[in-house]
Every structure is written in C-alpha cells, then in structure tokens.
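Undergrad: Below you'll find the structure I mean.
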Amino acid sequence: MGKFGKTGLISKGRTFATCLLLVSSTSLLLFACAKPTGDFGRAKPNFLHDRVAEDLGMLYRYSQKQDVSNLNLTDQENELRDRGWTLVVPPASEDWIGANKAQLERQGFLKDPYAAINPSNYYVYLRSDKYRSSETRYTRLIDDMRSDQKLLLPFCKIARQVLVSDHERMEALNRQTQVNPQFATGVKARVRENKSFVDWVLRATGRRLQAYQIAINALEVETPSAQQIWDASKGYEQLRRTYEELPSKCYAEVKRPAEKVEKPSRIFTGWGLESAAPKK
C-alpha cells in the first residue's frame with residue numbers, strides 16, 4: 000500500500016455504480032434512526048453511523064469529487080465532530096426528520112439540511128401536546144438557549160486547536176520532499192474537511208438563533224408572561240452576542256514567531272567608554 004500504508008484517498012478501483020448502490024442503502028438506514036446522542040447532546044458512539052455510514056459517505060463524496068480523506072482522525076478532530084453534532088441538529092431534538100437530514104449532511108449526502116428546514120418548526124414543536132403548559136414552553140426555550148450557550152465556546156476552543164494543528168500539518172507537509180502524491184492530496188483534503196465542518200456548525204447555530212427568536216416573538220403574543228419574556232429575551236441576547244464573537248474565537252489566527260534580528264558584533268563597532276583617537 001505504499002510507504003505510508005494509507006494513501007489518504009479512496010482507491011480508484013471503487014466504481015461509481017457501487018457508490019450509488021451503497022448510498023441508497025445508507026440513506027434508508029439513516030432515515031430509520033438518527034445518530035444517537037450522549038452526554039450534553041454530543042454524538043454518541045454507534046457502529047452504524049460511525050463506521051458504516053461514515054465509510055459509505057466517504058465513497059459518495061469521492062464519486063462526487065468532493066474533498067475526501069481517509070487519514071486517521073486525531074483525538075482533537077474526533078472531539079470537534081462530536082461537539083459540533085449537537086449544534087447542528089435542529090433545536091427540536093425530537094424532530095427526527097431534521098435530525099436525519101443533519102446526519103445525512105454530516106456524511107456528505109446533503110449540502111445544507113437547514114435550507115429545507117423552516118426555523119418556525121421549533122415553535123410548532125413547543126406548541127405540541129407535550130408542552131401544554133405555557134410556563135413549560137418558556138422553560139424549554141430558555142433551557143435550550145442556555146444549553147447552546149454552554150456548548151458554543153468549548154466547540155470554538157477545540158475548533159481553534161484543530162485549525163492551528165492543520166496549519167502546522169501543512170507546514171510539515173511542505174517541508175518534506177519525498178511524499179506520496181495521493182497521501183499529500185489526502186492531507187490537504189482533511190484540512191479542508193475540518194474547515195468546512197467548522198463553517199457548517201456555525202451556519203447551523205445561526206439557524207438555531209432564528210428559531211429561538213421566532214419562538215420568543217410568538218410566545219410573547221400567544222401566552223404573554225412579563226417575567227418569562229424578560230428571562231427568554233435576556234437569554235437570547237446573551238446567546239446572540241456569543242454567536243457574533245464566534246468567528247474570532249473559532250478561526251485560528253496563526254501568529255508566526257518574530258524573526259530574530261541579529262545584532263552586529265561589538266568587536267567591530269567600537270565599544271567601551273574610550274573616545275575616538277584625535278585626528279592630526
């Protein structure tokens with residue numbers, strides 16, 4: 000398999016017809032059950048989604064000439080994907096259609112599931128029989144916003160670490176002279192994958208903000224409660240400010256070390272307290 004074992008790309012021997020067959024099967028599997036979540040809403044390990052769907056999604060992206068890399072993920076890259084998952088799934092977590100659309104995009108089958116998801120669906124969800132009490136609706140809304148607030152900055156912290164590592168990765172690749180071309184292509188694809196994933200999560204977070212704003216406006220009219228509206232609006236404003244700060248916190252600005260300025264030797268520059276010899 001070459002010097003590096005893995006080339007970083009999928010073998011060209013896998014045909015497009017096979018990709019389509021596998022994609023069809025995966026689509027059915029993914030719509031059967033959304034990716035399970037664990038603590039704090041993060042993606043929970045699952046063989047179906049982590050191995051089967053991941054591999055088939057990789058095949059599909061390869062057939063579509065999208066960025067594909069089968070290099071091993073670092074621990075930071077795994078954490079980035081796990082933390083980003085809960086911020087991508089629509090805030091109405093029981094909305095299995097939206098969750099599966101997000102899962103399909105995560106594997107590369109869809110471009111942007113939120114393009115087909117109406118942000119007002121969140122308020123429709125709050126008005127369901129599960130939340131018959133108006134106070135319960137407010138509580139759920141406020142809890143969801145607080146949950147996002149707690150998740151955003153930790154996500155950006157790991158995103159920044161990954162992007163800094165990617166910069167170092169590319170510098171290391173450029174320093175090497177004997178590199179398998181396919182391996183190098185896979186490395187570059189992984190760097191683009193990581194950046195695209197961060198972009199995707201931030202776009203999804205913006206849609207969640209829209210959903211929360213629509214819900215607050217509707218609740219204020221349908222079931223007014225001065226204190227609850229105050230609390231919800233305050234929570235939304237805090238979340239909005241955090242969201243606006245995300246680009247500066249998520250995207251790493253790699254600072255190169257300052258170049259050392261070599262000082263000329265004092266041997267050649269006249270040093271000490273002696274004055275210059277008088278000229279005759």
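Residue numbering for the sequence shown follows numbering that gives the first Met the number 0, beginning at 0 and increasing consecutively.
In this text, a Cβ means the ideal position worked out from N, Cα and C, and glycines have one as well.
Between the region 153-163 and the region 73-92, do at least 3 Cβ pairs fall closer than 8 Å?
TA: The region 153-163 is in contact with the region 73-92.
Undergrad: Do the region 129-146 and the region 203-215 meet, that is, are 3 or more Cβ pairs less than 8 Å apart?
TA: Counting Cβ pairs under 8 Å, three or more are found: they touch.
Undergrad: Where does residue 174 fall in DSSP's three states?
TA: Three-state DSSP puts residue 174 in a helix.
Undergrad: Nearest-angstrom Cα distance between residue 177 and residue 168?
TA: So the two alpha carbons sit approximately 15 Å from each other.
Undergrad: Under the three-state reduction of DSSP, which class applies to residue 204: helix, strand or coil?
TA: In this structure, residue 204 counts as helix in the three-state DSSP scheme.
Undergrad: As a quick exercise: from 181, 132, 135 and 190, pick the residue whose alpha carbon is nearest that of residue 73.
TA: It is 190 whose Cα lies nearest to the Cα of residue 73.
Undergrad: Since residue 242 contacts residue 204 with CB under 8 Å, what's their CB separation in whole angstroms?
TA: Contact flag correct, Cβ pair sits at about 6 Å.
Undergrad: Might you give, ordered along the chain, the residues of its own chain that have their beta carbon closer than 8 Å to the beta carbon of residue 248, omitting 5 neighbours on each side?
TA: These residues qualify, in order along the chain: 152, 155, 156 and 159.
Undergrad: Please name the residue in 172, 196 and 197 whose C-alpha comes closest to that of residue 185.
TA: Looking at the Cα atoms, 172 is the closest of the given residues.
Undergrad: Hey, would you say residue 218 sits closer than 9 Å to residue 125, going by beta carbons?
TA: A contact, by the Cβ cut-off of 9 Å.
Undergrad: Work out the CA separation of residue 179 and residue 147 for me, nearest whole Å.
TA: Cα-Cα distance, rounded: 42 Å.
Undergrad: On the DSSP letters alone, give me the boundaries of the alpha helix (DSSP H) that residue 224 sits inside.
TA: Premise fails: residue 224 is in no alpha helix (DSSP H) and is neither H nor E.
Undergrad: Residue 245 and residue 201 look like a contact to me (Cβ under 8 Å); what is the Cβ gap, rounded to whole Å?
TA: That pair is a contact at about 6 Å.
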